[in-house]
Every structure is written in structure tokens, then in C-alpha cells.
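Undergrad: Got a structure here, written out as C-alpha cells. Questions coming.
Number of protein chains: 2
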Amino acid sequence: MSKSTKVTIQDVARLAGVGVGTVSRVLNGHPNVSADAEASVRRAIEESGYRPVAAAQTLRSRRSNIIGFITDEIATSPHAGQIMRGAQETAWKGGKILFLVNTQWDPELERSAVETMIDRQVDGLIYATMFHRAATPPQAIRQIPSVLLDCFVEDASLASVVPNEADGGYQATTYLIEHGHRRIGYINHVEDIPAQRLRLQGYRSALEAHGIPFDAELVVERYSEPKGGYDGMMTLLNLPNPPSAVFCFNDRSAMGAYDAIRQRGLRIPQDIAVIGFDNQELIAANLYPGLTTMQLPHYEMGIWAVEYLLSELDAVGKDEAAAERSPPQVLLKCPLVVRDSV
Amino acid sequence: MSKSTKVTIQDVARLAGVGVGTVSRVLNGHPNVSADAEASVRRAIEESGYRPVAAAQTLRSRRSNIIGFITDEIATSPHAGQIMRGAQETAWKGGKILFLVNTQWDPELERSAVETMIDRQVDGLIYATMFHRAATPPQAIRQIPSVLLDCFVEDASLASVVPNEADGGYQATTYLIEHGHRRIGYINHVEDIPAQRLRLQGYRSALEAHGIPFDAELVVERYSEPKGGYDGMMTLLNLPNPPSAVFCFNDRSAMGAYDAIRQRGLRIPQDIAVIGFDNQELIAANLYPGLTTMQLPHYEMGIWAVEYLLSELDAVGKDEAAAERSPPQVLLKCPLVVRDSV
DNA sequence: TCAAATCATGGAATCGATTCCAATTGGAAT
DNA sequence: ATTCCAATTGGAATCGATTCCATGATTTGA
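Protein sequence lines, in the order shown, are assigned to chains A and B. With positions in the first sequence counted from 1, the corresponding number in my numbering is that position plus 7. With positions in the second sequence counted from 1, the corresponding number in my numbering is that position plus 7.
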């Protein structure tokens with residue numbers, strides 16, 4: 008229990024009456040240690056309050072037990088927090104700790120962040136973006152095990168995990184159909200990003216799967232904020248034959264759609280059903296009536312990314328061929344969150 | 008530029024035709040290096056693509072250039088992100104990198120997180136909470152320079168930075184008074200937390216400072232969510248002499264207050280002015296009319312915390328007496344964010 | 001001009017772990 | 001009884017930097 012001077016592995020060895028090699032073997036769970044030796048080493052560790060110095064371990068073993076987490080933007084939404092929570096919890100369970108760097112969209116900073124991580128001999132690297140998109144991470148990232156989170160490279164040469172947007176769009180639309188709706192509007196985003204394209208694709212395949220003809224009139228494109236949602240909804244309501252339900256690109260635009268519907272004196276969900284996307288608690292749970300929406304699997308992506316890295320790490324050495332397999336491109340499901348708007 | 012084998016300081020020394028000591032001195036900006044020597048070392052570093060191995064530096068110098076960041080909850084709100092962004096950016100500028108651990112309110116995990124940080128010889132530690140409160144961080148935190156963020160210990164024995172809630176309440180109330188309101192309601196939170204007590208205190212001193220008598224009838228306590236805000240607002244509106252303006256404990260309760268006001272057929276801000284607290288963009292910017300509110304200085308607290316640690320770090324050794332000064336207890340101002348609700 | 005102080009330098013010692021190697025021990029096999 | 005092999009073990013070498021120390025070169029001051 009003496010805290011005054013730093014206890015080293017030498018001290019433990021002396022106290023246990025064994026060599027430092029033996030202590031190290033116990034510490035790392037290596038084979039060929041007698042039960043006796045192990046017991047006395049453990050006792051000595053306990054008594055002395057010994058804690059290994061991480062830097063020394065890293066220096067010699069070339070493994071730091073650190074996972075680097077690089078992200079373009081950290082502060083925009085609770086989404087970022089969910090990713091980091093998933094990643095951090097999983098890392099901790101695996102005995103690893105997270106290094107965090109936020110690059111604020113600065114490619115130079117990104118490069119330098121990756122290099123810093125490598126200097127510190129991180130075991131693996133997560134490169135996360137705050138919305139689903141194609142990305143071009145620094146080349147250096149390929150020197151070590153790494154994984155893209157909420158983004159991907161076009162040639163699929165790096166492991167990647169992203170939400171299954173198409174399935175999300177499909178599920179949302181199907182849910183509306185199952186509630187008897189046949190005429191379903193879609194207020195899409197305007198920019199060409201994966202979510203924009205893929206959710207629409209999901210919407211269309213859901214219609215098709217249920218034998219409902221696609222009507223281009225029912226799809227409007229607006230910036231996905233309350234104003235856009237309001238405006239898009241108004242456009243749909245002004246149709247000669249307006250929809251009885253609307254799928255909104257995200258919760259923020261659904262917020263605007265709510266306003267438009269209210270302003271027309273219509274009720275949700277009796278007159279118009281609404282479904283959103285993102286499950287931004289702050290909005291979806293607080294709207295009245297509560298917004299039914301699709302949840303993005305941020306927490307799960309964080310978990311997956313770290314688990315993937317961990318599995319890569321202990322594959323190293325064991326199965327050299329593994330390095331040659333093509334990197335997984337994983338889609339994670341977006342669960343439906345039912346509230347009262349459908 | 009050879010990348011094949013790891014370049015060490017020995018290689019650089021050989022290449023530059025100097026000793027390793029000289030290389031190290033150049034690297035660390037130590038004095039007593041001739042211009043010639045420095046130039047050739049720099050050239051050798053450039054040519055060889057040398058990058059120091061962090062673990063070796065840490066082992067010998069006992070400084071890791073890492074700052075530990077421990078937090079109870081990471082994912083609730085954009086607030087967490089703001090703190091981390093401020094901390095991370097400032098750390099990066101100071102040549103440090105952030106270790107992140109999220110303890111999910113688990114005291115055992117907290118202990119173990121602090122120990123892990125110490126094992127890794129972090130230069131300093133930030134202990135952050137996701138709302139302003141009294142905290143009891145693990146004892147071990149006192150072994151190294153550390154700072155509490157958005158929390159404090161009762162005896163002020165650890166440095167701490169928190170929002171100036173009382174001033175925030177004062178500013179908010181004053182802003183309403185300056186807009187001609189004399190009868191101002193306050194929908195407070197119900198639980199006894201610093202924000203609850205201090206914002207009320209600020210409200211009262213603002214009234215007093217402007218010669219408006221305090222009327223207990225105008226202060227109601229509700230849970231600070233939309234439902235509570237709605238309910239509290241209704242209570243105020245039902246008063247024989249209802250207020251012309253209302254200060255809400257936070258933006259979420261303001262959201263509910265909006266609903267109540269609308270439901271009564273009253274207009275914001277013409278009939279009732281509303282001011283919130285927190286500046287949760289997702290709510291405040293998206294409500295109609297935009298909610299005027301007080302912003303919590305999360306980003307700034309993150310910056311302050313790291314800057315404090317950095318200054319502590321280079322005070323070490325220079326001025327031994329500094330360690331004995333009583334740790335600062337800093338209050339950071341909450342700026343007013345003007346939108347259209349007043 | 002000479003002593004003293006200052007500057008510049010190379011290289012050994014050091015940080016604290018892991019890993020490797022040679023040596024010892026104790027059975028099992030012949 | 002002797003040989004062989006596997007299990008255990010202690011301790012030296014190693015990882016790659018910083019730091020310290022002894023030494024030689026240069027300046028400064030009188």
C-alpha cells in the first residue's frame with residue numbers, strides 16, 4: 008500500500024521472490040507459470056499496489072491499447088454523442104481507451120491528427136463523420152487497422168459502417184401503408200447525399216411491393232429544416248388530390264410539416280399521418296402528438312466500429328490472410344420508433 | 008522519405024552527423040545548440056521523415072501530453088459536444104490530445120477511469136458533468152492537476168468552472184424589464200439543483216434592482232419539460248392579474264409555455280413575452296417565433312478548463328508555491344441570445 | 001594575456017515494461 | 001540408469017526517447 012515511491016515490476020518481483028519475467032508472464036496471462044509463482048506474484052501486486060506504467064508497456068510491446076477516434080464535427084447534435092458513447096463503452100470493455108480528435112472539416116488538421124495517432128501507436132483508428140456521406144480520409148489511415156463510421160470510400164477499400172437508409176425509407180413507408188394509407192407524400196431533402204437518394208429508393212420500393220403506383224407529384228424536395236418541411240407540406244396539401252400521410256426526410260422537416268397541417272385545421276394523425284426520420288428526442292418526443300420516426304443507429308455504429316477493430320486486432324498474427332480479405336461494408340438497420348403521429 | 012523501417016533518433020543523429028543529445032535538444036527547443044547543428048538536424052529530420060515515438064518520450068520524460076477527460080454522461084444533448092469541442096480544440100492547440108472516458112454515473116467505473124488515466128501519466132484531468140451540480144470525484148484525482156467542469160466540490164478544494172446561473176437569471180429578467188415588463192412570471196424547475204436556486208436568485212435581484220416588488224404568486228415550480236412548462240404557464244395565465252412576460256427555467260419548458268399561450272389565443276411576444284434558458288438550438292431556433300434565451304457557456308467552459316490545466320502544467324517547477332494557492336472557482340457568463348420572443 | 005565563465009557537444013545512463021535465451025528441474029520413455 | 005523433452009524460471013537485452021555529465025571550444029573581463 009506504500010504510495011510514496013513508484014512501485015515497479017522489479018519491486019514486485021523482489022517482493023514475490025521471483026524474476027521480473029515471471030511477473031510479466033502473470034500480468035499478461037502467458038503460459039508456463041506455476042500456480043505457486045502466480046499466487047505469490049498476485050499477492051505481491053496486491054500488497055504493493057503495483058500498477059504498470061503504460062508508456063513502458065507500449066514502448067516495448069508496441070501495443071498501446073488505445074483506439075483513435077477522429078471526427079469532422081463533434082458538437083452539432085446528440086448523434087455525435089451516441090456514436091462516441093457506443094465506441095467508448097465498447098472500447099472500455101475491451102480494455103482500450105479512446106483518443107479523441109475533432110477536425111472541424113479541416114483536411115490539414117485531419118492529416119496531422121492521423122499522424123499524431125500513429126505516433127502514439129494507436130491500435131486502431133475510427134474515422135467518423137456526423138452525417139452519412141462519401142469521405143476521403145487521409146492516406147495514412149491505411150497504415151493501421153481502421154474503420155469508417157457513418158461514411159465510406161467509393162472503392163470500398165476501407166471497412167465501413169453506415170445506416171441502412173434504403174431499408175429505413177422502406178420501413179417507414181411500409182408502416183404508413185400498413186395503417187391503410189395509399190396516397191403517401193414524401194418531403195425529401197434537396198441535396199444529393201446518400202440519405203436523400205436511398206430513403207427515396209426505399210420509399211419507392213415499399214410502394215411497389217404493395218402494388219401502389221408511384222406518383223411523382225407526391226414527392227417534393229426541400230431543405231430539411233422546419234421551414235422546408237412547412238413549405239413542402241403546404242405544396243402537398245394544395246394538391247388536387249392531397250396525400251393522407253406524409254413521410255418526412257427528417258424530424259426537423261416533420262416539425263414544419265406539423266405546423267402546416269395545423270394551420271390548415273387538420274389533425275394528426277386522424278387527417279394526416281406523419282412519420283419522420285432521425286429520432287431526435289428533443290424534437291420527436293416533444294412535439295404534440297409525439298412523432299413516430301426512424302432511428303439512426305448511431306450508438307450501434309459506435310459499438311460495431313470498435314468491435315470490428317478489436318476483432319481485427321486479435322486476428323493480426325493469427326491469420327495473416329485475413330488482412331487480404333476485402334473490408335466489410337456494413338449497413339445497420341434503422342429501428343422504427345412508434346409514437347402517436349400515425 | 009524511406010518508410011520501410013522505423014526511423015529513430017539514432018538514425019537522425021547519424022544522418023545529421025551529431026549526437027543524439029543534440030537532436031533531442033533541437034526537438035525540444037532546448038538552449039545551447041549552434042545554428043549549424045540545428046540546421047543539419049532539421050534537414051536530417053525532414054529527409055528521413057523522422058517522427059518521435061510518443062511512448063518513449065513519455066517513459067523518459069514522464070510527460071505524456073495527454074489530458075484526460077472524464078464525464079458522467081456523454082450523449083444526452085449537444086451540450087456535451089460543445090464542452091468536448093472547446094476542450095479538444097484548446098488541447099490540440101497546446102499540443103495535447105484528449106483521452107475520453109464516459110462513466111455513465113457509475114462510481115466504480117469512475118474510480119477505475121481515474122486510475123487508468125494516472126497509469127497513462129496524463130498531464131491533467133478534466134472531470135465534467137452534464138449539468139451543473141455538486142460532485143464527489145474519486146480521491147485519486149487529487150494526485151494530478153485537475154479541474155472540475157460544470158460541477159464543483161463543496162469545500163472548493165478543486166479548481167472548478169461553472170456557468171454563472173445567478174447572473175444569467177438576472178440578465179434574462181433585466182432584459183424583460185428593459186422591454187417594459189413589470190409583471191414577470193418565472194416558471195422554475197422543481198428540484199433543488201444549483202441552477203434552480205441561482206436563477207431564481209438572479210430573477211429576484213433583477214426585480215429588486217429595478218424597484219419591482221417580488222410577488223410569490225408569479226413563481227411556479229414544475230419539471231422542466233414541455234409538459235411542465237405548459238402547465239406552469241396555464242397556472243400563471245389563470246391568475247387574476249397574469250404576467251405580461253415569463254422567464255422559463257429552460258428552453259424545453261418554454262416550448263410548453265408557447266403551447267399554453269397559443270392555446271389561449273395570445274400572441275408571442277405582443278401579448279406575452281417569453282425568455283428561455285440553455286439555447287438548445289434544436290428547440291430555440293425552430294420554435295415560432297424564435298425563442299430568446301440565455302446560452303450556457305459550455306464551449307467556453309471546455310476552453311477554460313484546458314487552459315487552466317495548461318497554465319498549471321507550466322507553472323510546475325517554476326513556482327512551487329503555486330501549488331498551495333487555493334484552487335480557482337470560476338463562474339462564466341451566460342450570454343443572451345436574442346430572437347423574437349420578447 | 002590568462003583565468004573564469006559560458007556555450008556546445010557526444011555519448012552513457014535511465015525510464016519500466018516485454019521478450020528472448022540459456023539454464024534448471026522433474027517426469028516420461030527407453 | 002540414462003536420455004529426452006517439456007515446463008518453469010531468472011535475468012539480460014531491448015524498445016526509443018530524455019537527461020546528465022564530462023569535455024573541449026569560445027567568450028568575457030580585468
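Glycine included, C-beta positions come from ideal geometry on N, C-alpha and C.
Pull out every residue of the stretch 98-115 of chain A whose Cβ sits closer than 8 Å to any Cβ of chain B, in chain order.
TA: Of all residues in the stretch 98-115 of chain A, W99, I104, L105, F106, L107, V108, N109, Q111 have a Cβ within less than 8 Å of some Cβ in chain B.
Undergrad: Determine the extent of the alpha helix (DSSP H) in which D18 of chain B is found, giving its start and end residues.
TA: Here residue 18 of chain B corresponds to residue number 11 of the second sequence, with the count starting at 1. Run containing D18 of chain B: 16-23, per the alpha helix (DSSP H) assignment.
Undergrad: Out of curiosity, what's the CA-to-CA distance linking L244 of chain B and V344 of chain A?
TA: Residue numbering aside, residue 244 of chain B sits at position 237 when the second sequence is read from its first letter. Residue numbering aside, residue 344 of chain A sits at position 337 when the first sequence is read from its first letter. Their Cα atoms are separated by approximately 35 Å.
Undergrad: Do T180 of chain B and A223 of chain B have their C-beta atoms closer together than 8 Å?
TA: Stepping through the second sequence from its first residue, residue 180 of chain B is reached at position 173. Stepping through the second sequence from its first residue, residue 223 of chain B is reached at position 216. It is not a contact, given that the beta carbons lie outside the stated cut-off.
Undergrad: So which residues on chain B does I81 of chain A lean against when the C-beta distance must stay under 8 Å?
TA: As a working mapping, residue 81 of chain A is identified with position 74 in the first sequence. Residues of chain B with a Cβ closer than 8 Å to the Cβ of I81 of chain A are, in chain order, G88, M91, R92, Q95.
Undergrad: Would you grab the beta carbon distance between I268 of chain B and M240 of chain B for me? Rounded to a whole angstrom, and I think it's under 8 Å.
TA: The sequence position of residue 268 of chain B within the second sequence is 261, counting from 1. The sequence position of residue 240 of chain B within the second sequence is 233, counting from 1. At roughly 6 Å, the Cβ-Cβ gap stays under 8 Å, so I268 of chain B and M240 of chain B are in contact.
Undergrad: In three-state terms, what does DSSP make of K10 of chain A?
TA: To locate residue 10 of chain A, count along the first sequence from 1; it is residue 3. Legend: pLDDT at K10 of chain A = 46, less than 50; position of this residue unreliable, no value from coordinates given.
Undergrad: Distance cutoff 8 Å, beta carbons only. Does L343 of chain A sit that close to anything in chain B?
TA: In the first sequence, residue 343 of chain A corresponds to position 336, counting from 1. Chain B contact via Cβ: absent.
Undergrad: Quick check: what's the CA-CA separation for W99 of chain B versus L320 of chain B?
TA: Counting from one through the second sequence, the residue named residue 99 of chain B turns up at place 92. Counting from one through the second sequence, the residue named residue 320 of chain B turns up at place 313. Those two C-alpha atoms are separated by around 15 Å.
Undergrad: If we require 3 or more residues per run, which beta strand (DSSP E) segments fall completely within the stretch 99-174 of chain A?
TA: 104-109, 131-141, 153-159, 166-170
Undergrad: Does chain A have any CB closer than 8 Å to the CB of V60 of chain B?
TA: In the second sequence, residue 60 of chain B corresponds to position 53, counting from 1. Judged by the 8 Å Cβ criterion, V60 of chain B is in contact with chain A.
Undergrad: Kindly say whether Q287 of chain A, judged by its beta-carbon, lies nearer than 8 Å to any beta-carbon of chain B.
TA: In the first sequence, residue 287 of chain A corresponds to position 280, counting from 1. With 8 Å as the cut-off, Q287 of chain A counts as an interface residue toward chain B.
Undergrad: Can you check which of these residues, A:W311, A:G24, A:I191, is closest to P220 of chain A by C-alpha distance?
TA: Position 213 of the first sequence, counted from the first residue, corresponds to residue 220 of chain A. Nearest in C-alpha terms to P220 of chain A, of all of A:W311, A:G24, A:I191, is A:I191.
Undergrad: Counting only runs of 4+ residues fully inside the stretch 269-323 of chain B, write out the alpha helix (DSSP H) ranges in chain order.
TA: 288-291, 305-322
Undergrad: From A:V226, A:Q64, A:C255, A:D126, pick the residue whose C-alpha is nearest to that of P233 of chain A; which is it?
TA: Within the first sequence, the letter at position 226 stands for residue 233 of chain A. Per the Cα distances, A:C255.
Undergrad: Out of A:A82, A:Q287, A:Y177, A:G101, point me to the one whose CA is closest to W311 of chain A's CA.
TA: To locate residue 311 of chain A, count along the first sequence from 1; it is residue 304. The shortest Cα separation from W311 of chain A among A:A82, A:Q287, A:Y177, A:G101 belongs to A:G101.
Undergrad: Chain A partners of N71 of chain B, CB-CB under 8 Å?
TA: For this step, residue 71 of chain B is matched to residue 64 along the second sequence. It is Ser, not Asn, that sits at residue 71 of chain B in the sequence shown. Near S71 of chain B (Cβ distances below 8 Å), the residues of chain A are A62.
Undergrad: Please list the partners that S84 of chain B has in chain A, where partner means a Cβ-to-Cβ separation under 8 Å.
TA: Taking the first residue of the second sequence as 1, we reach residue 84 of chain B at position 77. What S84 of chain B touches in chain A: P85, G88, L289.
Undergrad: Spatial neighbours of R32 of chain B within its chain, please: CB distance less than 6 Å, with the 5 preceding and 5 following residues excluded, ordered by chain position.
TA: Reading the second sequence from its first residue, position 25 is the one you call residue 32 of chain B. Same-chain partners within the cutoff: V40.
Undergrad: By the 8 Å beta-carbon criterion, what residues does the stretch 228-241 of chain B contribute toward chain A?
TA: Cβ contacts with chain A: E232, P233.
Undergrad: Find the nearest neighbour of F106 of chain A within the set A:L116, A:S348, A:T78, A:W112, judged by alpha-carbon distance.
TA: Counting from 1 along the first sequence, the entry for residue 106 of chain A is found at position 99. That would be A:T78, whose Cα lies nearest to the Cα of F106 of chain A.
Undergrad: Count the other CB atoms within 10 Å of the CB of A202 of chain A; is the residue buried (16 or more) or exposed (fewer)?
TA: Looking up residue 202 of chain A in the first sequence gives position 195. Under this definition A202 of chain A is a buried residue.
Undergrad: D350 of chain B touches chain A at which residues, Cβ-Cβ below 8 Å?
TA: Since the first residue of chain B shown is 8 and the last is 349, residue 350 of chain B is not available in this structure.
Undergrad: Counting only runs that start and end within the stretch 36-87 of chain A, where is the alpha helix (DSSP H) found for 4 or more residues in a row?
TA: Within the stretch 36-87 of chain A, the runs of alpha helix (DSSP H) at least 4 residues long that lie entirely inside it are, in chain order, 42-55, 61-68.
Undergrad: For a contact meaning CB atoms closer than 9 Å, what does M301 of chain A contact in chain B?
TA: Start at 1 with the first residue of the first sequence, and residue 301 of chain A comes out as number 294. Going along chain B, no residue has its Cβ under 9 Å from M301 of chain A, so there is no contact; the nearest lies around 18 Å.
Undergrad: Taking the straight line between their C-alpha atoms, what separation do you get for L289 of chain B and R259 of chain A?
TA: On the second sequence, position 282 is the one that residue 289 of chain B refers to. On the first sequence, position 252 is the one that residue 259 of chain A refers to. Cα to Cα, the separation comes out at about 8 Å.
Undergrad: Measuring alpha carbon to alpha carbon, tell me which of B:N72, B:A51, B:A63, B:G75 ends up nearest R70 of chain A.
TA: Position 63 of the first sequence, counting from 1, holds the residue named residue 70 of chain A. Shortest Cα-Cα distance from R70 of chain A to any of B:N72, B:A51, B:A63, B:G75 involves B:A63.
Undergrad: Which of the three DSSP states is assigned to L339 of chain A in this structure?
TA: Reading the first sequence from its first residue, position 332 is the one you call residue 339 of chain A. For L339 of chain A, the secondary structure class from DSSP, reduced to helix, strand or coil, is strand.
Undergrad: Contact criterion: CB-CB distance below 8 Å. Does L66 of chain B meet it with respect to chain A?
TA: Position 59 of the second sequence, counted from the start, is the residue given in the question as residue 66 of chain B. True, the Cβ-Cβ gap to chain A drops below 8 Å.
Undergrad: Would you call K10 of chain A buried or exposed, if buried means 16 or more other Cβ atoms sit within 10 Å of its Cβ?
TA: By one-based count along the first sequence, residue 10 of chain A stands at place 3. Because the pLDDT of K10 of chain A is 46, which lies under 50, any placement of that residue in the model is unreliable, and the number read from its coordinates should be weighed accordingly. With fewer than 16 other Cβ atoms within 10 Å, it is exposed.
Undergrad: Can you look up Y193 of chain B in the DSSP assignment and give me helix, strand or coil?
TA: Within the second sequence, the letter at position 186 stands for residue 193 of chain B. If DSSP states are grouped into helix, strand and coil, Y193 of chain B belongs with the strands.
Undergrad: With burial defined as no fewer than 16 other Cβ atoms inside 10 Å of the residue's Cβ, what is the status of V19 of chain A: buried or exposed?
TA: By 1-based counting over the first sequence, the position of residue 19 of chain A is 12. It is buried - the Cβ of V19 of chain A has at least 16 other Cβ atoms within 10 Å.
Undergrad: Using beta-carbon positions only, say whether V108 of chain B and Q128 of chain A come within less than 8 Å of one another.
TA: Stepping through the second sequence from its first residue, residue 108 of chain B is reached at position 101. Stepping through the first sequence from its first residue, residue 128 of chain A is reached at position 121. No.
Undergrad: If you follow the beta strand (DSSP E) that E228 of chain B is in, where does it begin and where does it stop?
TA: Numbered from 1 along the second sequence, position 221 holds the residue referred to as residue 228 of chain B. It spans 226-228 - the beta strand (DSSP E) in which E228 of chain B sits, taken as one unbroken run.
Undergrad: Please report the residue range of the beta strand (DSSP E) in which A223 of chain B lies.
TA: Here residue 223 of chain B is taken as the residue at index 216 of the second sequence, counted from 1. Careful: A223 of chain B lies outside any beta strand (DSSP E) and carries neither H nor E.
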